[in-house]
Structure formats: structure tokens, C-alpha cells
Amino acid sequence: MKLSRRAFTTLTGAAALTAALPATTARAAVADDDGGGGAAAPRTVGFDRYSLLVDGGRVPLWSGEVHPFRLPSPSLWRDVLEKMRASGYNSVSVYASWAYHSPAPGQYDFKGVRDLGRFLDMAADAGLYVIARPGPYINGETDAGGFPGWLTTTAGRARTSDPTYMAYADEWLTAVDAVIAPRQHTTGGGTVVLYQLENEYASYVTSATGRDYMAHLYAKVRADGIDVPLFHNDKGRNGYWTPGAFDTGGEEGRYLYAFDGYPSASGNPPDWGYFGTGGATGGSTASPETPGFMAEFAGGWFDCWGGAEFAGAGYAGSRAERNAAYERRFYLTNLANGIKIHNVYMTFGGTSWGWLAAPVVYTSYDYGAAIDEARNLTAKIPPMKQVGALLESFPDLAQLDRATDTAASSTDVRVYHLTNPERGSHLYFLRNDTAHDAPCTLTVETAAGPVTVPAGGGRLTVAAKDMKVLATNLSLGRRAVLHTTAQPMWRAGGASGDLALFTGRPGDAVEIVLVSHRRPVVRTTAGTAESVYDADAGTLRVNAVLDGLTCVRVEGGDTAVPQTLLLADDTEAAALWPRTTTEGAAVLVRGPALVRDARVDGPTVHLTGDTDAPADLEVWATGPIRAVRWNGRAVPVKATASGSLAARSQLAGPADVSLPELTGWRYAPENPESAPEFDDSAWSTCDLTTTHSTTKLPAGQPAVLFADDYGFHYGDVWYRSTVTDTTDAQTLSLSYQAGTLGVLMAWWDGRPLGTHRLPVPTKAQATTATWSGTATFAVPADLRGDGPHTVAVLVRRMAHEEDGGANDAFKSARGLTAATLDGTPLTWRVQGATAADPVRGPLNTGGLYGERTGWHLPGFPDGKWAAVELPYTDTRQGVSWYRTDFHLSVHPGTDASIGLTFEDDPARPYRVLVYLNGWNLGQYVNDVGPQHTFVLPNGILDTRGRNTLALAVLSDGTGPAGPPQPALTLLGAAAGGVPVEKVGSPAYRP
Ligand code: IPT
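Structure below.
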């Protein structure tokens, strides 16, 4: 074997890393420039066909989707963002929901839980680039796909060049762009590097309507000062809205093509055609001059009411279906296909609190994502961290061409062979689609010619339904890898030594061959490894079977600076936290559940992070360090043979969290609206005769009854009608539309007539059906006769449809659509939610009497309500409220994530709106499910103080309505966390 030294570049540690500087470093550099008064280098975001170019340097984006509006506690945004950065993501992608920020035309709210700018600032502080996706249309399983309720009543087709719609869209864009523009990497002080114009806009691709709309959005966003590259998210790789497809004012070079992918997890990962396979477009990507850009790729999937999507297993089922091996197999296939901007939808799904959820989903939007709804890092995080660190620390992956096809010795293994044209490195992505492990050998290209690996004999294994990356000609800084069968994860170099980390499945036999023209000293300081020096070839071969952590120290030889090789199996890698500190030095920390931040100050490493149990702490650094501080406290350490500092004793885990039982319940029945004597004179009269709804006014109906047309956009609506002569009255017929699981209840002179409910969706129906129904009730014989008589109707309207087809589906009516007594229409008054809560926003409450009167709020005087114990058995048709206060005293150093859990006999037909301190945190539907636990976000939940819980229970009167005794449940606990500020929760005022 003969080694050509010139076949690949061996860069020094510092130079090799500059191309992939994390955003914090970039920000720090700018701050210095400003402070020093010197001319700052121009800040640019561009791209070529390989990758994004930030300030001229290649940056592949490894991004995760998070929706600030699905976590109504700004302090916790920081928690999630820091967890992402620590877990290898370098970007976060965010939808902004127009509806969430706009209670009415012309009104835009970016305060409190709606402070999008604060979220973007936190992302920058955490060192994450931002992909901004503010709509106007987002979809995202949100009510009306993110369109505000008030837009349902406007003229003109949405998502087209209709001038009325575009004027409203402009209004939103003006408001949201004022938040985003100052936070761009280019012209602002933040890290926004990309901006999405529209989402899966597939309906008007070939018409002027669509082209004009897209051109309008492009011009509008530019006029608002958005200067970073713009893109559209194509629903699958259709080649829609590629550069040149619409007028970008001659700026094709500042517009990118992007697409999304949600392939079945049980099939094989698809190729996207970038490297000439799998595409219908003649062997190239749909947009050959722009980098492969996956604006969304499935990081899980959503579940529907009734849980049909995961056979009742809920989001645990989603997480099992798209697990860690799925992530490796599908995401590495994406990278092998040349994707360089990769966004995983969702990475933290959060909660569709209030009335945010679209008809297709229930309250939890956990999504089976890598970070769960309770903010825990799941088993899906380690692969993300492994790949994220690989992309960030090995510039080889930022620029890849397809290389000569090659095959492994086993036909079970599919090989993608790529090469970096500038660095001479080769990457082999090996995938096994079979259900059994596949041992094989592979002939790889190295600077010393072809080598069949493992060179030391035996075979390498690609696990069943899994994928891994092999590499050759890879610089570690001062030394170089000729080939490795262990997946490289991270490297860093500095004065005290170079560090390199490799990973794989537990039990994997791996081989790493280093170039070393002179014989080095090799010591295995942790675990077991075998090393063989070949003086003729000038190589050092290291073989090991992955089992926890193996540490091999290579000293002397070609350089005096030691090289530490760390070989970690996945289990061990989960507790390894590589960090490039703001000073440019790098540390690798082993042991804790999370390392949020690392700072090197002289000989001291300052670390912040979390432990979820007593944990080891061991620190490697590329510079000379002597002391370690953890969350502000000095940790006694000793130097190890592995070149690290290790804590002399374990870090403490979290304090015990004890949660009180919920007692002291107070009870009040509601719905005075059903009683004949109720005064509805202040309600709106249903007197409109025209509507912009896509639902036609039913034949024979003199007036529009749709709730939206009277300004009631979310939650429950009441209707009342007075009937005079009903001597012969027989049948009351009530037609309504309400979204999945909608409910209608009716009363005649205060007496319950019954309940009608829309069915639980099947898997197929969950995303398609409109959900309307007609209830017919017999007029009670003893309540006929001379009037007046009163009909009262409550409609639980669940959500507006989304508008994925750009066909105004979100304008489909909600509430009553038609109402007749023996064929004769009635006249109605209607009432929904009163003025929007200025703090909690328009989606927090509907039109229940208790909601209109403040029964959900802390401080409401419930002293005269009846004291009850739960479970309380109430069989009324209608609404009842239960309130209690509870006190928590979680240790201040503990981040406890707490939920509220309901368990009951599923035969009981009732549902519960859960109000914590006045915030509507979701809807429990006892006889449908599948959600039983509701996450109570800290900040709204006071973990060291008093909280008010109010439950609004809606029952159909056919059986015991509960509710059961709910329990506070601990969903996660860590010592550490972020400081949590209280979310404003205004109390009741008479
Ligand atoms: C894609 C949407 O862009 C996104 O908003 C969300 O709805 C996601 O799906 C599903 O969670 S649409 C894709 C499934 C074709």
C-alpha cells in the first residue's frame, strides 16, 4: 500500500472549523466589531448548488421545527432551543401563525406569549440559525391553517392574487416582517438566514392567479426589508415554484427551491433525484443550481381524535414508528441525496392549546418528536446529535458530489458513494433495508489506493433497518483518517491536543486507520482496543468492539500534539456533549443528561446543564484546563489517563418532587341560556342574508346562522329562538357544522331534548371530512301549546378546516347552518366568546356562560359554589364547572415538568376543557381519547406557589358525567433547567 500525501487536504484544526462556525460565534464576532468601531465584514447569506453560504462559508443547515405558539411560556422557549443546540441542531425552523397574532383586522399582537421577536432573539442566543416561515398560510394542523378567524368572513379567494385577500395578507406581512427583518443575519442583529413565502402552494402552479400571488408575496417581503434568500415549500418533490417559475424581479439568484417529504416509515427511504436516481426530471434535482433543501421532513406524525393513526397508542406509537433507526435511515439517505438544508418537522411539537388545533388533531401536538411535549429529550435525540455534530465539525460533508457507484459484499447493503471535490474525502452511506443485520465488507477509495474494509479482517455490520456513514481521507486537524468504519461524530483541535469522536451501535466491530508516517505511542486508557502500526504503509490501525466508551490516546509520531480517539456506542454517545465554546476552544463533556453551555475562562471550564439522576462528569478540552464549574459551583476533579478531568464524585440528581392531591373542589352548574327566562336581548340577531362562507345558505333559510359571520370564531356558540304558537309542533330539525367530534345540544323551554354528536374519525377521514350533521328532536308533547316557547341550542364547534387545497375550505361554516320546526325556519339570536382576552388571546375561550363570566379565571369568587368530592356524578345535559386551588413547592433548582391526568370509564360521555390559571390547556374527551395527560407548562404553572384549576365539563346527559379525580403527574424532572418567569395570568375582575 502506498500513500499519496497530496491526495487529500490535511487542514489545521482552526482552519478546518471556520467554515461551520456556529451562530453564537458569528454574533460574538459582530459584537466585537461594533465595540471596536472597526469596519464589520459584510454579513451575507447566499448559496450555490451545494449549500447555503453564510458570510461566504459553507453551512449545511441541520434544523428542527418548533412552533413558539405551541408553547405558551417564553422562558421555556429558551429551554427547548438550548436543548436543540446542545443536541447538534444548528438551526430552528418556525412557523408564525397569523391567527395567533391577530384578534381582528388591523390588530397585531407580539407581546407576552406572542413575542415572536423574543423567540428569535433566544434562538440567536442559543446559537441557532433561523428559518422563518410566517405564512401567510402555514397549515401545520392549526385552526384554518393559521388564517385568523376573522379572515373566514372576508371576500375573495385566499391564497390567490385576489386583491382583497392580498391586502389582508400584506397587513399581516407588514406586521410580522417588522419583527423578522431586524433579526436577519444580513441586515439585522439576529440569525434569520432563510424566509418561506408560502406553504405547499400546489393549486395554482400553472395559472396567472398563482404566479401573480407568488410574485406579489416576493415583492412585498422584499419591500419589507427581508433580505435573506426566500423559498417556497413544495408539497413533495414536484418541482413547483422553482427559480424562474414566477417573477422575482430579476432576483432568481436570491430565491431557493425547497420541498417536503413524509414518506411511510415502513417503506424504504426514497431518493430525491439529486444524484440522478429516483427523479423524473432527467437525473438532476428539480432545481439544479440551488442546494438540496428539505423544508420539512417527517420527524414523527400527528395523531387524530380517537387515536386511529397509531392504533390507540398515541404519540408513544408515533415515536416508536419513527424511532432512532428511522432517523438514521431516512435522514442519512436525505444527506446522501445531497440535501444540505434539512428541517425535521417536528423537533418539539408542543401543545395545540386553547382552540389552536385543526379538526385533524387533538390537544397534544407531541408528534412523536425528538423532544417530547413535556420537554424531555427522547431516545430520538442521540442520532440527531451524532449527525449534527458530524455536519458541523467535518466540512467535508458540506460539499459533496456523487462518486463512482460501488457495492458492498452483501446485497442487503445499499451504498451511496460521495466525495468532496476540494478535500478529497470520500463518504460511504451504507443502508440496510432488511429486517436482519447485514455483515459485509466494502472496497473504499483512499489516498493509499483501494482498500477493502475492515482491513484488519472480519466484517463490518449494518444493523437491520438502519444506516451508517463510513469515511476515507478525513482530516482530524493535525492527523488524518485513512478510513473509518465507525461513523465520525465530532472533532476539534487545540494547543493541548486534538479530539475525535466516533460512534456506532453497541457491539459494532469498528476500525479506524490513521495516517502516521512515524511510529506513535498508542495507549488505550478506557475500554478495550487493539492497535497495529504498519511502518511500511505509514498507518496506525485501531480495532475495537463498541461497548460504552473506548479511549485511545495517540502520542508522538508525526506530531507532538496528542490525538485522543473516543469510540462511543449509542448509549454512551447519548451522554456525550461536544461544545465549541465562544472562545473558539472546544470541550467534550461526558455524563450529564444535558450540557447547555460551555465557556472556557483561563484554566477553568464553566458548564451549565441538567442532570436527571446522579451523574458522572468528565471533561476533555482542546486547551489547558485545570478546573471545572458546574452550574456555578466548583467541582473537585482529578486528571485521568484519558487526558480528561473527571469529577471526584457524582453530580447530584434532581430533588424529589412531591405533588399534592387535588382536593377542595367547588361545583357550579351552568347554562342559564337554556332556561326560558334567560335574557338574550344583548345577543346578536341572526339577520344577515349573505355570507362569504364556502357553505351555501341552505334553501329555505331566510338568514345566515354561521357563527363566524357574527364575529364568533372559536369554541362554543349558543343560539336561542322564541317560538310563539306551537300547538301542533312535532319536529325540531337542526343542521350544523362543527369539525371533527362536534356536538350539538338542544333544550325546549329549558328541558333537554338531547345531544347530537359528529362521529369519531377513522384514519382516512381524519384529514378529509367536513363534519356536518342534522339533529332531529321531537317536541315534548306536554310542552306544546300557546307560546312563547324557547329553543336553546349549544354547538361545540371544534375548529375550522385547514386550507391545504387553496379552495377556501377554511371558510366552511361553523355553528348552526339550518334550523326548522316542522319545515318552517326559526329566527335566532347567537352568542359566542365575548371580547378576546388581551393577554391569553382570541383562541383561549369560547362562548360558554362560565367563559363569558370569568369562571375560568384565578380569583373568581367561587365561595358560594357547592363543595364536592370527585368523582362527582352529575347526569345533567350541559355544562358544569369544577374549581380548586393547589399549591406547589418544587425545589427551586429542579425543573419539574408536570401534567394533569384523567382516567375514567371510557363509556362515560363527557368532555372537559382544562383551565389552569385562566389558560385553556386543552380538551379531554373521555369517551374518545386517546389523550389522557395534559402538559401544564411552567410559567403558566407556578411550581412554587398557588394555582387555580377550573374544569368546564360538557356532558350529554345520558350517563354519569364525572369528572373523575384528576391527578397531577410528574412527566420529567431535572436538576438545572432555565429560570422561569411567570406568564401573565390576569385574575377575575367583576
Ligand atoms: C405538511 C405541512 O406543510 C405542514 O404544515 C404539516 O401540516 C405537515 O404536513 C404534517 O404535519 S403537508 C405534507 C404532509 C404533505
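Just so we're aligned: the sequence shown equals residues -28 to -1, 1 to 962 in mature numbering (1 follows the signal peptide of the UniProt record, and there is no 0).
Note that the Cβ used here is the ideal one computed from N, Cα and C, for glycine as well.
If you're wondering where the values come from, they're calculated on a predicted model, not measured in any experiment.
Restricting to Cα atoms, I'd like to know which of the options is closest to residue i.
i      : options                        : result
Thr350 : Ala342, Met356, Lys357         : Ala342
Gly161 : Asp541, Gln168, Ile152         : Ile152
Glu649 : Asp659, Asp721, Gly574         : Asp721
Asp530 : Cys523, Val494, Trp70, Ser488  : Ser488
Gly527 : Arg491, Arg551, Leu548         : Contrary to the premise, residue 527 reads as Glu rather than Gly in this sequence. When only C-alpha atoms are compared, the closest one is Arg491.
Asp373 : Pro843, Lys357, Arg801, Gly396 : Gly396
Val425 : Gln937, Asp438, Ala419, Leu442 : Leu442
Thr159 : Tyr185, Arg291, Asp134, Asp196 : Asp196
Does the distance between the C-beta of residue i and the nearest non-hydrogen atom of the ligand IPT fall short of 7 Å?
i      : result
Gly894 : no
Ile110 : yes
Tyr234 : yes
Tyr317 : yes
Asn779 : no
Lys207 : yes
Phe274 : yes
Glu281 : no
Glu773 : no
Asn306 : no
Asn210 : no
Glu875 : no
Glu841 : no
Leu649 : With the sequence shown as reference, residue 649 is identified as Glu, and Leu is not the correct amino acid for it. Checking the Cβ of Glu649 against the ligand IPT gives no.
Glu889 : Correcting the residue identity first, residue 889 is Asn in this sequence and not Glu. No, the ligand IPT has no heavy atom inside 7 Å of this Cβ.
Glu268 : yes
Glu54  : no
Can you grab the Cα-Cα spacing for the pair residue i / residue j, in whole Å?
i       : j      : result
His408  : Asp480 : 14 Å
Gly901  : Thr132 : 37 Å
Thr16   : Ala516 : 44 Å
Arg605  : Arg194 : 49 Å
Tyr80   : Pro814 : 12 Å
Asp700  : Gly757 : 7 Å
Arg294  : Met461 : 22 Å
Ala747  : Gly714 : 12 Å
His904  : Asp681 : 34 Å
Arg209  : Ser59  : 28 Å
Val514  : Ala436 : 25 Å
Asp142  : Lys192 : 7 Å
Ala3    : Gly636 : Here Ala3 scores only 31 on pLDDT, less than 50, and its place in the model is too uncertain to base an answer on.
Gly289  : Val333 : 15 Å
Ser705  : Thr796 : 10 Å
Gly216  : Ala258 : 12 Å
Ala710  : Val689 : 10 Å
Pro(-7) : Arg386 : A caution first: Pro(-7) carries a pLDDT of 33, below 50, which makes its placement in the model unreliable, though a value can still be read off. Between Pro(-7) and Arg386, the C-alpha separation is close to 33 Å.
Thr806  : Thr825 : 9 Å
Val862  : Thr666 : 51 Å
Ile311  : His204 : 16 Å
Tyr173  : Gly745 : 31 Å
Arg729  : Gln459 : 54 Å
Ala671  : Thr792 : 11 Å
Val148  : Val453 : 48 Å
Leu943  : Leu908 : 10 Å
Leu829  : Val955 : 14 Å
Could you pull the DSSP bridge partners for residue i from this structure?
i      : result
Val66  : Ala104
Cys412 : Leu432
Tyr317 : Ala270
Gly97  : First, the residue type needs correcting, since residue 97 is Asp and not Gly in the sequence shown. Note: Asp97 sits in no beta bridge, so no partner.
If residue i and residue j are in contact, beta carbons under 8 Å, what's the gap, nearest whole angstrom?
i      : j      : result
Leu798 : Val763 : 7 Å
Ala540 : Thr475 : 5 Å
Trp327 : Gly818 : 7 Å
Trp827 : Trp853 : 5 Å
Arg347 : Asp51  : 6 Å
Trp549 : Val561 : 4 Å
Tyr574 : Ser468 : Inspection of the sequence shows that residue 574 is occupied by Gly rather than by Tyr. Actually they are not in contact, since the Cβ atoms of Gly574 and Ser468 sit about 13 Å apart, beyond 8 Å.
Any beta-carbon of chain D closer than 8 Å to the one on residue i?
i      : result
Pro354 : Any reference to chain D falls outside this structure, which holds one protein chain only.
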